[in-house]
Each structure stands twice: as C-alpha cells, then as structure tokens.
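Chains as they are written, first to last, in our numbering: chain A, 5 to 470; chain B, 256 to 619.
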C-alpha cells in the first residue's frame, strides 16, 4: 500500500486511527503491528514471510549476542547474522546483477533467476543490521520481546521507503509513549505537507520530464530541463515520503529523526550529503566508514574508505552500474573537496551554491539513467557535444507551459517559506495569522491532494525500488 | 485550540468521505471520462497472492470516490490557475478548447497510407479518375505561433507526390476554420461543413444543393479529449442536420446485416455521442436515398469524419457506399455482395483525416 492512494488515506488510515486511539495504551503496539502487517500484505502479499523472517532472525541474534559473554562467540554470531541478513538482500536485489556481470566474464556459470524484489527490503534489512550491531556494541539493550521488536521493524510509517529509523531512536517510545495533542496536530500537518509534495509537485515534475523525454529531437536545453526536473522530482518525492513517515510517527507518538534539510541550498557536496537522505548517510558513516577507520588512517587509506563507502551507497540505491558510478562520482568530489576545494568554497558562497547545484543536477542524470549508453548521450547532450541544437520549438513550448510550476517547485525546495513564517511571527498579530493559516492551508492541501490522486496522477514512489 | 481544530477537521474529512463512500451506491459509467468505472473486484485467492486483487481494489476505491468529477475539476482548476499550466494528460487547453499534442509527422505512416490507396485504385479502379481529400486536424488552425505543429505543408506535399497520377486532390483546408471543430473532440461539426460541401459539389461536378437548415441539438457531448481536461472546459453541444433526403435514406449496415436510419439518436447517450452519425465505427455502410433517382453513386473510402459529412451528400447521390478500411481488409471488398466497383456511374472519393494519415497502420 502506498500513502498517496485513496485506499490508504480514506480507508486504512481512518481504520487504524480509530482502533489505535480507542484501545488502551498497552494494546496500541498490537494495533500497530497488525496494521503494519496488513499494510505490507496489501502491497506485497507474497513477501510478508520475508519481512516476518527478518524480524525473527534479527531479534534472535540480538538476543544471543546480548546474552553471550564470550567475545569471539559474539563476533561469530554477529558475522553470521550479517551474512544472513545481507544474504537475503543480496539474493533478492543483487543476485541477477551479479550473475549478469559474472557471466559476461565466465559465460553461463550461474543461472538467472526470476526474482521479484520485496518492497522496502533495503530499508528493513539495514534497520535490522543497525539494531544487531548496536546490541553488539552495547549501545542499546535488545528488545524485550519479539513482538516489540517486530512492531519496530515493520512499523508501517517507515516500513517501505524509510527513513532508516534506528531501534535506539524509538526504543523508549516503543515501551511507553504519549499521544500529545500538539504532536498529533503537528503530525497531521507534516503528513499532509509530505503528501502534497508527492502528489502536487513530484508527480507533476515527473510528467514534465516524461513530456520532454518523449520529444523526438534532443536539445541541450531539453537535457538540462530534464536534469532539473528529475532532481527536483526525486527531492519532492523522497522528502515528501519522509515527511509523511515523520508525520505518521508523530500521530502515533514516535519521534523519528529528520531525513532532509533543504539539500538544494547546500554550499558544497559535503554539505549536500549532510542534508540529503540523512538517515542513510549516517548509517553508512556509523556502520561502514568509521569501522573502516574513517579519517583516522593514512591519507590514501582514507581515500579508499571514502571510495568503498560511496560505492556501497550507490549500490544500495540499485543493482545497476549507473548507481555505482553515481556513488563513485560523489566519492571523487568529496575527496577533492576534502583535499583543497572546501576552503575555497567556504570563502565564495555564491559560487559554492552554483557549483553544488550544478554537480548535483549532473549526479541525478547518472542516477536516473540505468542504460549507460543513454547516460553518455545525456551527459554529452547537456554540454552540446555531437550534432545537437541548443533548443527547439517543442522544448520552448513545454518550458513555457511549465515555467511557473518549475519556479514554484524550485522556490519550495528552499527554506524561503520557513523564513516567511518566522518573519510573520515577529509581526504584530502574526502568530494569530499563522495559527489560522496552519489550520486552513493543510486542510486545503489535503483536499487538493485527494483531487490530484483522483485525477489519476498516481505514480509509485521512486524510492520503492530501493 | 488550533491543534484541536486541526485534528477535528482532519478526522471529519476522513470520516465524512469514508462514510459517504460506504453509503453511496456505485456508478457504472463516467460520461465525462467516456469510460466504465471499476467495480468491486471478485475475490480470488490467486489474485490475492499476486497482489492484483488489491490493485483492483485501489482502482475501485479511486473510481468510486464521492464527488469524483468535482475533485477532478478542482485539480484542473488549481493546475491552470496556480501553476498556469495548459497541458493536461497529453492534451493542450487553449481558449476553452482541447487539442491533442501531436507535432511529429510520421513519414513511414504516410508512405503506408499512400501505398494502400494506390493499391486499392490499381486493383479496383485502374482506369478511373479518383478524388482524395485530406481533412486537417484542428491543430492546423491554431494561430498561436509557439504551439508546436506538424509540418502540414510537407505532409500534404508527400501525400500528393506519392499517390498515383489518377488521384485528383480536393483541398478543403480553406473551407474550414477552427470553429468547424468540436472544442472537446477531434471531429468536425456537421453544421459547419457548408463550405466543404460546396467545394466537394464543385469538384465532383454535382449540382449545388441547399444546405439543410433543420437542426437538432444534444447536450452534453463529451468529446474524445474531454476527459483529458479534467472538466476544465465545458462539454460541447452536438448538432445534426435534417433534410428530406436524409430522412428518406436507408442505411444497410454490413456488419450488423440490417437496415438502419442515418442518425442513431439512441447513441447520443452512449459513451461517444458522435456515434449518432451512421452508428459510429463499422466496416461497410450502404446509404440508399429513395428520394433521388439520378442514378449517381459514390464510393467513399473514409474514416469517422465522413460519418457526419456523408448525410450532406445524400441530396446529390442515389447511393453512397462507405468503406472503412480500418475494419475490413482491402483485399476482401469484392466478397461483399452489395459492393460493385464495375459501374461507370460512380464517383470515387478517398476522404481521410490527418490523424489517420499519420497513424495509418490500422488500414487493412
């Protein structure tokens, strides 16, 4: 089930809210667990077993590691768990990619398998890994029951597209939480904001990009517009989903960490990755980069660590060479910045924003194109290589039609609205105006989002494929 | 207080639409979208396993959501007003009308089209003069300079160059204007075809006839493009003209094997009201006008545009045979009992619209 669907908004959600707030506190986890299983079953009936296995598997190993006092045995348990956990991920997500590459070197060594990837597997395997590793490190006590742990891992607000919520973030709230009126209200607002970002902006950007892609003549302007539209779409799609997840979490009394912080205003690639998919980059930092030695190693080992982490980050996004290339692209940029560029960028703020956004747009061209020959064609096209004209009548027509929309979308990807809100609050009577707007606008946006969904602008969330 | 109002209002919206949709009965057809709406899917274990069952439920709940048309119109209004966007579902909204965006000319299709027509003429009318006319789509008449249009002149030129010399063109472009077309549909309006009729009469050396002045109207006509506007433009009114010739004509529908009238008024309430004209899509129709005895006949190779034009030609012909090669193979035409291409009193006219010329692979 997806959040941006009529079935979720007007049937599943009211049902869950009704039961959740009708029962006493001690039964609320049961409601969440059952509804989460139904939520997953509705979208992926066959793979509910994979989810339940992952819950049981990581819970048991968490327990064993916690109970075991012998260091080498604890390590063996951990390694065995990691092998099993990432083995599941490898089988469903990477097996055929591995086979296609391996067989191109040694033909017909492994058979291709007809495998469908369970939705959200990249998220729940990473969450269970963080749980078991944190138990191993003594950072968190293991869950008191398999039921509590399964409620955490399968929690529907964050189950299929993140953010990657660590057990330690909500372990206390799993045991005891309050549903404060302000939290519920903020949660509703946040959820609606995310829903609007997804259906009223991201999906429309997707349509614009497809319109440009359907043109028979490629142009430099067309390639750049697609790069911009695809980048913005990815941001509004994924940050919209994160907003919905955080909002739903608040409604049910959970406080998830932020996953985005206006990445398009970043002043460097280093800064960009502090603002984009924060839960993923911090996962790789804490569970791969630092264990590899981080920056407390020799210069070249440090570079190697960065390359490994970013190759893995790329691969996490998909079993395709373009994602690996995408990760390595950022690795190289980060190494360059760490070496000398960051100081220069800090001294030249206007240039630094232009530099960052330019490289980010290119990165998402790599990200969006799994066909490497088309990727090369796109990159060459963006820089006018080959016989390509700058623009065409068709591109100008589509641009004219969407120019205001693109400006609005770009504007909304920055904290300008947040600044306007703060400015109004400082004025006389500003807080009253904000109070009124913060009730009326979300409700209007909710109805409008419903209208967008009904009109058939439904598109699956981009991050589901991860 | 603000938080309580927020929570209360949100719960009210969820509860209202949830209960309303439970109590409201299902709608089978959406006229404005010209399609059947999804109904609750039948329960099957196999479809649950694959997830198809839940997808069907999603479709059902979205299709049957209360105030569906109102929501679609609201979305359309918002997109047009706030985003200032005129492209909607691959169509373009301009001054209250909807246009299909189709700027690319398909040369392969044009070749296929002209090859097909040449084959028909060589096979059935080798020594006869034949006429053809290409009906421009309504985008041809858009005056806006930035609207991306097909290279129409090139298309007309290619068709002319590739057809056999026995084809004589009747260029009707000057006889039409933007107003000659429905706002929500690709077709032309029958009541606006006086200029076209006059031109055809002149080129086919027919006597000038009086344009019918008895008019019947039907509203609303949701044209083929209407649903793409999500209600941003008003529905059309369909008008059909009456005359003694039209009223005294019988239509033999080869596919149904029965005699019908020129206008099928019961089709006005169908998903496509344009089917009022000669019952819509069908391979062969034979129109026999019992009020005329001039012996002249017309063989009309055609698409749907001709359905509204042919009734106007009845004043001049005793018999019109209409052949739609999308629904019958050109090689099987002589198998049809009532078709006879050997007569000498027959005019031959190929009348095709640009959408068919540009997507002609459907011609058999």
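Using N, Cα and C, we set each Cβ at its ideal position, and we do this for glycine too.
To the nearest angstrom, report how far apart residue i and residue j are at their CA atoms.
{"i": "residue 494 of chain B", "j": "residue 222 of chain A", "result": "44 Å"}
{"i": "residue 207 of chain A", "j": "residue 345 of chain B", "result": "14 Å"}
{"i": "residue 420 of chain B", "j": "residue 610 of chain B", "result": "24 Å"}
{"i": "residue 14 of chain A", "j": "residue 265 of chain B", "result": "11 Å"}
{"i": "residue 352 of chain B", "j": "residue 488 of chain B", "result": "7 Å"}
{"i": "residue 471 of chain B", "j": "residue 496 of chain B", "result": "6 Å"}
{"i": "residue 260 of chain A", "j": "residue 349 of chain B", "result": "46 Å"}
{"i": "residue 582 of chain B", "j": "residue 619 of chain B", "result": "7 Å"}
{"i": "residue 5 of chain A", "j": "residue 47 of chain A", "result": "5 Å"}
{"i": "residue 464 of chain A", "j": "residue 239 of chain A", "result": "Below a pLDDT of 50, predicted positions are generally treated as unreliable, and residue 464 of chain A, at 41, falls in that range; the measurement from the model is reported next regardless. C-alpha separation (whole angstroms): 14 Å."}
{"i": "residue 301 of chain B", "j": "residue 354 of chain A", "result": "59 Å"}
{"i": "residue 502 of chain B", "j": "residue 481 of chain B", "result": "31 Å"}
{"i": "residue 255 of chain A", "j": "residue 387 of chain A", "result": "47 Å"}
{"i": "residue 476 of chain B", "j": "residue 157 of chain A", "result": "53 Å"}
{"i": "residue 359 of chain B", "j": "residue 220 of chain A", "result": "8 Å"}
{"i": "residue 407 of chain B", "j": "residue 381 of chain B", "result": "29 Å"}
{"i": "residue 352 of chain A", "j": "residue 337 of chain A", "result": "17 Å"}
{"i": "residue 298 of chain A", "j": "residue 310 of chain A", "result": "8 Å"}
{"i": "residue 347 of chain A", "j": "residue 357 of chain A", "result": "14 Å"}
{"i": "residue 274 of chain B", "j": "residue 395 of chain B", "result": "49 Å"}
{"i": "residue 470 of chain A", "j": "residue 362 of chain B", "result": "For residue 470 of chain A, the predicted model reports a pLDDT of 45, less than 50, meaning its position is unreliable and no value from the coordinates is stated."}
{"i": "residue 527 of chain B", "j": "residue 521 of chain B", "result": "11 Å"}
At least one CB of chain A closer than 8 Å to the CB of residue i: is that the case?
{"i": "residue 610 of chain B", "result": "no"}
{"i": "residue 270 of chain B", "result": "yes"}
{"i": "residue 311 of chain B", "result": "no"}
{"i": "residue 264 of chain B", "result": "yes"}
{"i": "residue 326 of chain B", "result": "yes"}
{"i": "residue 289 of chain B", "result": "no"}
{"i": "residue 299 of chain B", "result": "no"}
{"i": "residue 339 of chain B", "result": "yes"}
{"i": "residue 484 of chain B", "result": "no"}
{"i": "residue 257 of chain B", "result": "yes"}
Under three-state DSSP, which class holds residue i?
{"i": "residue 463 of chain A", "result": "Interpretation of residue 463 of chain A is limited by its pLDDT of 43, a score under 50 that renders its predicted location unreliable; the figure taken from the coordinates is listed afterwards. Reduced to three states, the DSSP call for residue 463 of chain A is coil."}
{"i": "residue 475 of chain B", "result": "strand"}
{"i": "residue 221 of chain A", "result": "coil"}
{"i": "residue 360 of chain B", "result": "coil"}
{"i": "residue 172 of chain A", "result": "helix"}
{"i": "residue 427 of chain B", "result": "coil"}
{"i": "residue 551 of chain B", "result": "coil"}
{"i": "residue 439 of chain A", "result": "helix"}
{"i": "residue 506 of chain B", "result": "strand"}
{"i": "residue 280 of chain A", "result": "coil"}
{"i": "residue 317 of chain A", "result": "helix"}
{"i": "residue 497 of chain B", "result": "strand"}
Hey, residue i and residue j: beta-carbon distance below 8 Å or not?
{"i": "residue 127 of chain A", "j": "residue 166 of chain A", "result": "yes"}
{"i": "residue 523 of chain B", "j": "residue 562 of chain B", "result": "no"}
{"i": "residue 326 of chain A", "j": "residue 273 of chain A", "result": "no"}
{"i": "residue 427 of chain B", "j": "residue 386 of chain B", "result": "no"}
{"i": "residue 36 of chain A", "j": "residue 155 of chain A", "result": "yes"}
{"i": "residue 417 of chain B", "j": "residue 369 of chain B", "result": "yes"}
{"i": "residue 615 of chain B", "j": "residue 375 of chain B", "result": "no"}
{"i": "residue 98 of chain A", "j": "residue 323 of chain A", "result": "yes"}
{"i": "residue 308 of chain B", "j": "residue 294 of chain B", "result": "no"}
{"i": "residue 244 of chain A", "j": "residue 216 of chain A", "result": "no"}
Would residue i pass as an interface residue toward chain B - the criterion being a Cβ-Cβ separation below 8 Å?
{"i": "residue 458 of chain A", "result": "yes"}
{"i": "residue 9 of chain A", "result": "yes"}
{"i": "residue 406 of chain A", "result": "yes"}
{"i": "residue 466 of chain A", "result": "Confidence is the limiting factor: at residue 466 of chain A the pLDDT is only 45, short of 50, which leaves the residue's position unreliable and the question unanswerable from this model."}
{"i": "residue 50 of chain A", "result": "yes"}
{"i": "residue 186 of chain A", "result": "yes"}
* So, do the segment 154 to 163 of chain A and the segment 250 to 262 of chain A have three or more beta carbon pairs nearer to each other than 8 Å? -> Enough Cβ pairs lie closer than 8 Å, so yes.
* Touching or not, the segment 435 to 450 of chain B and the segment 408 to 426 of chain B, by the rule of three or more beta carbon pairs under 8 Å? -> Contact fails: fewer than three Cβ-Cβ distances are below 8 Å.
* the segment 209 to 226 of chain A contacting the segment 92 to 109 of chain A, beta-carbon criterion three pairs below 8 Å -> Touching, no, given that fewer than three Cβ pairs across the two stretches are closer than 8 Å.
* Can at least three beta-carbon pairs, one atom from the segment 40 to 58 of chain A and one from the segment 271 to 290 of chain A, be found at a separation below 8 Å? -> Contact annotation: the segment 40 to 58 of chain A does not touch the segment 271 to 290 of chain A, with fewer than three C-beta pairs closer than 8 Å.
* To do: Examine the Cβ distances between the segment 574 to 581 of chain B and the segment 534 to 546 of chain B and report whether three or more of them are shorter than 8 Å.
  => They touch, by the three-pair rule.
* For the 8 Å Cβ check, are there 3 or more pairs between the segment 385 to 403 of chain B and the segment 324 to 340 of chain B? -> Under the Cβ criterion (8 Å, minimum of three pairs), the segment 385 to 403 of chain B does not count as touching the segment 324 to 340 of chain B.
* Taking three-plus beta-carbon pairs below 8 Å as touching, is the segment 260 to 269 of chain A in contact with the segment 438 to 453 of chain A? -> Cβ pair count under 8 Å is below three, so no.
* Touch check for the segment 86 to 98 of chain A and the segment 128 to 141 of chain A: three-plus C-beta pairs under 8 Å? -> Result yes; three or more Cβ-Cβ pairs closer than 8 Å.
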